[in-house]
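*Asks:*
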Amino acid sequence: MIDSHCHIAGPEFADDLPAVIERARQARLAHVLVILAADDEPEIEQGAKVVEQWDAVRFSVGVHPHAAGKFASNPAEAARRVDDVMNAQPLTRGLGEIGLDYHYDFAPRDVQQQVFREQIRLAHRLSRPIVIHTREAEDDTFRILEEEGAQNLGGVFHCFTGDRDMARRVLDIGFHLSLAGIVTFPRALELKEVARIVPLDRLLIETDSPFLAPVPHRGKRNEPAYVSRVAAVIAELRGVSVERITEATDANFARLFVP
Ligand SMILES: [Zn+2]
Ligand SMILES: [Zn+2]
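Below, the structure written as structure tokens:
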């Protein structure tokens, strides 16, 4: 099983990282994709410590839309920073999370868009898949992805929370769709519907730790070991074995982010 999106190099895990990794091993996670924020020096340093303890990790590096404002005067600098961090960390496989967040609007929208574009262009130069974060910004996200030719890059819409129509748009541009703990919430009926219909060869699972712990851990700090709950709920919704889900999502992850 694989957690395809987590933030275990963040401060929430600084005190007990070895125990978190041990529980992930016990849960038989083959890999985890650890997201590093290119503008967050402590997180990047901690990333190196994560590798020392667990060489099964892979990294994805990006400037999150929340942080885009730091690069308002020079969006290309965001991509340059990402490039530097990727070069310094040999286990980097993806570029992200990048995208648009109009829910929080922490950075002006035009700045978010420019920083997003610059990073997609870098992904083209490096031939890396991208990890997309999008919230309440569906149309602009797809427009930019199309304008920047991202269908040739591939990647994943992480923590997907859209409806069937949006899932269709993700699949139409050749991207994968990753489900997080929200799919375990009783009221997430539309998302459960998406979990039933997404083709198995386009599905990934994730925790987005430390956020969004699945039922029955809801409200607590999330961690990679809990990705098994996401797999179990999707298996139940589709009426297949958990192994079927983990085999498919492992293979999809391997295609995108391994070796
Ligand atoms: Zn995100
Ligand atoms: Zn994230």
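Everything in the sequence shown is counted per this note's numbering, starting at 90 for the first residue and increasing by one. Glycine is no exception: its CB is placed at the ideal position from the N, C-alpha and C atoms.
#1: Between which two residues does the alpha helix (DSSP H) harbouring glutamate 111 extend?
#2: Suppose contacts are defined by Cβ-Cβ distances below 8 Å. Is valine 123 in contact with valine 152 by that definition?
#3: Fully enclosed by the segment 124–154, which alpha helix (DSSP H) runs are 4 residues long or longer?
#4: Here's the rule I'm using: 16 or more other beta-carbon atoms within 10 Å means buried, otherwise exposed. How should proline 107 be labelled?
#5: Assign histidine 192 to buried or exposed, taking buried as 16 or more other Cβ atoms, counted over all protein chains shown, within 10 Å of its Cβ.
#6: When you compare only the Cα positions, how much space is there between alanine 116 and valine 331?
#7: Taking arginine 307 as the reference, give the member of Glu134, Gly99, Phe274, Met175 with the closest Cα.
#8: Using a threshold of 8 Å, state whether the C-beta atoms of leucine 266 and phenylalanine 249 are closer than that.
#9: For the beta strand (DSSP E) containing threonine 223, name the first residue and the last one.
#10: Run through the DSSP bridge pairs and tell me what isoleucine 209 is partnered with.
#11: When DSSP labels each residue in this structure, what does glutamate 312 get in the three-state scheme?
#12: Could you check the C-alpha separation between phenylalanine 300 and lysine 309 for me, to the nearest Å?
#13: Taking Cβ positions, are valine 150 and leucine 184 nearer each other than 8 Å?
#14: Cβ of histidine 222 within 7 Å of any heavy atom in ligand 1?
*Replies:* So, from the data block:
#1: Element bounds for glutamate 111: 106–115.
#2: no
#3: 130–142
#4: exposed
#5: exposed
#6: 13 Å
#7: Phe274
#8: yes
#9: 219–224
#10: Per DSSP, none; premise fails for isoleucine 209.
#11: If DSSP states are grouped into helix, strand and coil, glutamate 312 belongs with coil.
#12: Spanning the two alpha carbons is a distance of roughly 8 Å.
#13: yes
#14: yes
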